[in-house]
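Colleague: Sharing a structure with you now.
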Amino acid sequence: MKLSEQLNNSIVSYANLPALFVDNKCITYKQLADYAENINTSAISEAEQVGILSYRDTHYYSAVLACALDSRTFIPLGVKLPIARLISIIGQSNLKYVLYSKKYLSISQQLKKALPDRIFVCLDDIANKCTASTKPLHPRSLSNIAYVLFTSGSTGAPKGVPISVANLGSYLDTMCESLPLSNTDKVSQVFDPTFDLSMHDIFVTWLQGACLYVVPEAAIFAPGKFIKQHGLTVWFSVPSTASIMAKLGMLKNGVYPSLRVSQFCGEPLPRALALKWQKAAPNSKVINLYGPTEATIACSKYEFDCNDDSDSSYIPLGKALKNMSFDLDAQGELLISGPQVFSGYLNDNIKTAQCLIKTNNITHYRSGDLVKRDAQGVFHYISRVDDQVKIQGYRVELSEVNTLAQNFLSNPLVQAIATPIQQPQSLTLFICNPADIESERALIEYLKQQLPIYMVPKKIIWIDSMPLNSNGKIDKSALHTMTEK
Amino acid sequence: MSLTNSIEQAINNKLIEKHGEQILVSLNKQDSLISSGLLDSLDFISMLMEIENSLNLDIDFEEADPVQFTSYSGLIQLLSESANA
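Following this line, the structure appears as structure tokens:
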């Protein structure tokens with residue numbers, strides 16, 4: 111069954127049950143669907159794809175539902191991204207329509223000024239029925255792309271990852287089967303809309319009649335009280351969130367008895383942290399998920415067992431999800447195949463050809479992750495084959511930061527690294543030039559206008575010469591040693 | 154120096170380190186230091202760890218509301234209380 115039909119079934123079956131808790135309000139499936147219908151008959155009715163400029167409010171979730179119900183591609187536009195990056199995303203995806211919450215009027219005005227031929231539609235006006243509903247004059251073709259997300263690209267511009275309705279449908283079928291929810295479940299929504307793990311939260315919840323609990327922005331940083339107050343039953347975040355909670359004394363034994371499923375994804379999950387979470391949530395399964403955006407949200411799973419006496423410091427990636435296959439190439443790089451693998455980057459055949467390889471008529475996605483398979487067939491992460499790092503779960507191509515910094519500073523040798531080396535939390539940028547406080551300030555300001563905030567280096571270190579390894583390449587381990595001094 | 158003063162001093166130092174002396178003049182003590190963009194979550198946590206170590210406090214925010222404890226005055230209050238508990 112198609113996603114739109116499945117969602118329609120949920121709306122009928124669970125009409126008067128809560129679908130969404132946001133801004134201290136509960137919204138039923140019926141209310142959400144009514145709003146979604148108004149969005150679909152608004153000025154965007156002819157659009158095959160829309161951008162959504164909104165964040166953690168009823169408008170955002172209703173717009174996502176509207177698109178999914180009407181087979182329209184949606185592209186979340188991060189409200190915290192710099193204008194230059196939003197313009198690049200809108201341009202690359204050839205977006206004609208943008209839905210926005212009134213809260214973000216000033217961003218939409220800036221975008222409109224730069225892109226006067228695009229149509230901006232205010233969601234608050236639709237909600238307040240200030241706009242007339244329209245029927246499309248021409249029948250439009252249904253999009254087979256569910257959403258497009260933009261991740262860090264190595265050349266200095268974000269790259270678009272389109273995920274098809276079939277990719278998403280396959281993932282959701284697997285997850286609903288392997289981790290079934292009931293209509294009494296209260297599911298956390300912590301992830302940013304531009305992070306694909308938020309799609310898991312939204313659709314896994316709505317396909318099964320549960321309620322999505324949107325953690326308020328101020329509480330994302332330390333959500334312990336929110337979990338308790340609302341008796342959440344399902345948790346999903348990056349390990350970094352759990353790690354901050356541990357530091358704040360929020361992971362004491364037995365404090366979250368309501369949780370029955372806790373999932374982590376986006377970065378390696380330290381074993382000690384998994385154990386701490388398990389003790390804090392004694393009735394919960396603790397599950398580590400793994401997968402690149404290109405293979406739709408997650409493609410392997412490992413259920414943590416606190417009696418397992420393994421000495422590895424991280425929880426394994428686990429085994430491939432149903433219908434997905436993992437193989438290793440000669441170097442040990444993980445190759446992913448199956449119905450969740452995307453068909454290629456937006457307008458970038460070269461990158462697509464580099465990462466999608468065909469052997470024996472099967473398309474494999476080169477994950478860029480070096481892994482090993484143990485005797486039980488469980489996969490373990492070792493390292494990256496390239497320059498990509500994770501900052502609190504967000505993918506960062508170090509070369510994207512290097513390229514921008516180098517161009518801005520008229521070409522000195524530069525190298526960004528993610529620090530600390532275990533569980534990186536921010537970037538440090540080395541610049542091979544005499545120290546210059548003025549250009550340092552100007553560079554940071556420039557990078558803030560180009561990059562998401564987690565990609566802006568927190569520290570800049572000026573050095574006289576760049577350490578090189580025996581191959582003449584920049585020696586990143588030497589740079590790491592310098593940051594630890 | 155009283156404990157409250159020491160905590161206040163430690164927070165001031167962190168804010169000055171990031172933004173310069175003038176930040177203390179324009180600071181709204183009720184606003185979240187994180188939401189207002191003065192500190193990110195990492196700065197905030199590293200500041201807390203420094204305070205915890207230097208003043209020998211045991212931080213326990215289990216019941217605390219992040220809207221409150223990420224503000225300047227809320228943080229001082231909570232840390233002072235947890236020291237006296």
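These protein sequence lines are chains D and X, in that order. For the first sequence, our numbering gives the first residue as 111, with consecutive numbering after it. For the second sequence, our numbering gives the first residue as 154, with consecutive numbering after it. All C-beta atoms in this analysis are idealised placements derived from N, C-alpha and C, irrespective of residue type, glycine included. Being a predicted model, the structure only gives us computed values, none of them experimental.
1. Can you list, in chain order, the residues of the region 347-373 of chain D whose Cβ is nearer than 7 Å to any Cβ on chain X?
2. State yes or no: is the beta carbon of D/Q388 nearer than 7 Å to at least one beta carbon in chain X?
3. Could you list which residues in chain X have their beta carbon closer than 7 Å to that of D/A332, in chain order?
4. Please compile the residues from chain D whose C-beta is within a distance smaller than 7 Å of the C-beta of X/L186.
5. Which one of D/M355, D/K432, D/Q441 has the shortest CA to CA distance from D/R494?
6. The beta strand (DSSP E) spanning D/E413 covers which residue range?
7. Tell me the DSSP secondary structure of D/C416 in three-state form.
8. If you measure beta-carbon to beta-carbon, which residues of the region 530-550 of chain D are closer than 8 Å to chain C?
9. With burial defined as no fewer than 16 other Cβ atoms inside 10 Å of the residue's Cβ, what is the status of D/G341: buried or exposed?
10. Between which residues of its own chain and D/C375 is the CB-CB distance below 6 Å, once the five residues before and five after are set aside?
11. By the criterion of Cβ-Cβ separation under 9 Å, what are the contact partners of D/E327 in chain X?
12. Taking only three categories from DSSP, how would you classify D/N521?
13. Whole alpha helix (DSSP H) runs in the region 202-238 of chain D with 4 or more residues, listed along the chain?
14. Identify, in the order they occur along the chain, each residue of the same chain with its Cβ nearer than 8 Å to the Cβ of D/R228, setting aside the five sequence neighbours on each side.
15. Here's the rule I'm using: 16 or more other beta-carbon atoms within 10 Å means buried, otherwise exposed. How should D/V566 be labelled?
16. Should the region 344-352 of chain D be called in touch with the region 156-176 of chain D, which here means at least 3 C-beta pairs below 8 Å?
17. Hey, could you find the ends of the beta strand (DSSP E) D/Y323 is sitting in?
18. Just mark D/S372 as buried or exposed, buried being the case when its beta carbon has 16 or more other beta carbons within 10 Å.
19. Mind checking D/Q559: buried by the 16 CB within 10 Å criterion, or exposed?
20. Have a look at the DSSP bridge pairing and note the partners of D/E443.
21. Which residue marks the beginning of the beta strand (DSSP E) containing D/R494, and which one marks its end?
22. Does the beta carbon of D/K222 come closer than 7 Å to any beta carbon on chain X?
23. Can you give me the Cβ contacts of D/S292 inside the same chain, cut-off strictly under 8 Å, excluding the 5 residues immediately before and after it?
24. For D/V275, which residues of its own chain have a beta-carbon under 6 Å away from its beta-carbon, when the five flanking residues on both sides are left out?
25. Using 7 Å as the threshold, is the C-beta distance between D/I121 and D/Y139 below it?
26. List, in chain order, every chain X residue whose beta-carbon is nearer than 7 Å to that of D/K569.
27. Kindly identify the DSSP beta-bridge partner or partners of D/F131.
28. Strictly by DSSP, which residues pair up with D/Q116?
29. Say whether chain X places a C-beta atom closer than 7 Å to the C-beta of D/K190.
30. 7 Å is my cut-off, CB to CB: does D/K335 come that close to chain X?
31. Restricting to Cα atoms, I'd like to know which of D/K461, D/N581, D/L282 is closest to D/T265.
32. Compare the beta carbon distance of D/A173 and D/I137 with 7 Å and say whether it is the shorter of the two.
33. Considering only C-alpha positions, which residue in the set D/R370, D/L259, D/V506, D/G401 is nearest to D/Q388?
34. With which residues is D/K296 paired in a DSSP beta bridge?
35. Taking only three categories from DSSP, how would you classify X/S179?
36. DSSP three-state label for D/D94, please.
Modeller: Well, looking at it:
1. Of all residues in the region 347-373 of chain D, only I354, K357, L358, G359, M360, K362, V365 place a beta-carbon less than 7 Å from a beta-carbon of chain X.
2. With a threshold of 7 Å between beta carbons, D/Q388 makes no contact with chain X.
3. Near D/A332 (Cβ distances below 7 Å), the residues of chain X are F214, P219.
4. Per Cβ cutoff of 7 Å: no residues; X/L186 is ~11 Å from chain D at best.
5. Cα-wise, what sits closest to D/R494 is D/Q441.
6. Its beta strand (DSSP E) spans residues 410-413.
7. D/C416: coil per DSSP, three-state reduction.
8. This model lacks chain C altogether, as its protein chains are D and X.
9. Exposed, because fewer than 16 other Cβ atoms sit within 10 Å of the Cβ of D/G341.
10. Excluding residues within five positions, the ones whose Cβ falls inside 6 Å are L307, L399, A408.
11. D/E327 reaches chain X at S188, counting residues in chain order whose Cβ is nearer than 9 Å.
12. D/N521 falls in the coil class under three-state DSSP.
13. As far as the region 202-238 of chain D is concerned, its whole alpha helix (DSSP H) runs of at least 4 residues are 215-224, 233-237.
14. For D/R228, where only same-chain residues beyond five positions count, the Cβ hits under 8 Å are I200, L205, K206, Y207, V208, L221, K222.
15. With at least 16 other beta carbons inside 10 angstroms of its own, D/V566 counts as buried.
16. No: the two stretches stay apart, fewer than three of their Cβ pairs being nearer than 8 Å.
17. Where D/Y323 is concerned, the enclosing beta strand (DSSP E) stretches over 321-324.
18. By the Cβ neighbour-count rule, D/S372 is buried, with 16 or more other Cβ atoms within 10 Å of its own.
19. Residue environment for D/Q559: exposed (fewer than 16 other C-beta atoms within 10 angstroms of its C-beta).
20. Answer is D/L480.
21. Unbroken beta strand (DSSP E) run through D/R494: 489-494.
22. At a cut-off of 7 Å, the C-beta of D/K222 has no neighbouring C-beta in chain X.
23. Answer for D/S292: Q318, G319, A320, listed in chain order.
24. Excluding sequence positions up to five before and after D/V275, its CB lies within less than 6 Å of the CB of L113, N254, A256, all in the same chain and listed in chain order.
25. Judged by their CB atoms, D/I121 and D/Y139 are nearer to each other than the 7 Å cut-off.
26. What D/K569 touches in chain X: nothing, since even the nearest Cβ is about 11 Å away.
27. Listed as beta-bridge partners of D/F131 by DSSP are D/C136, D/Y323.
28. Per DSSP, none; premise fails for D/Q116.
29. Cβ-Cβ to chain X under 7 Å: no for D/K190.
30. Taking Cβ atoms only, chain X reaches closer than 7 Å to D/K335, which makes this a yes.
31. Of the candidates D/K461, D/N581, D/L282, D/K461 places its Cα closest to the Cα of D/T265.
32. Cβ distance not < 7 Å, so D/A173 and D/I137 don't count as in contact.
33. Nearest option by C-alpha distance: D/R370.
34. Bridge partners of D/K296: D/C321.
35. Looking at X/S179 - three-state DSSP - the assignment turns out to be helix.
36. Here chain D comprises residues numbered 111 to 595, so residue 94 of chain D is not present and cannot be evaluated.
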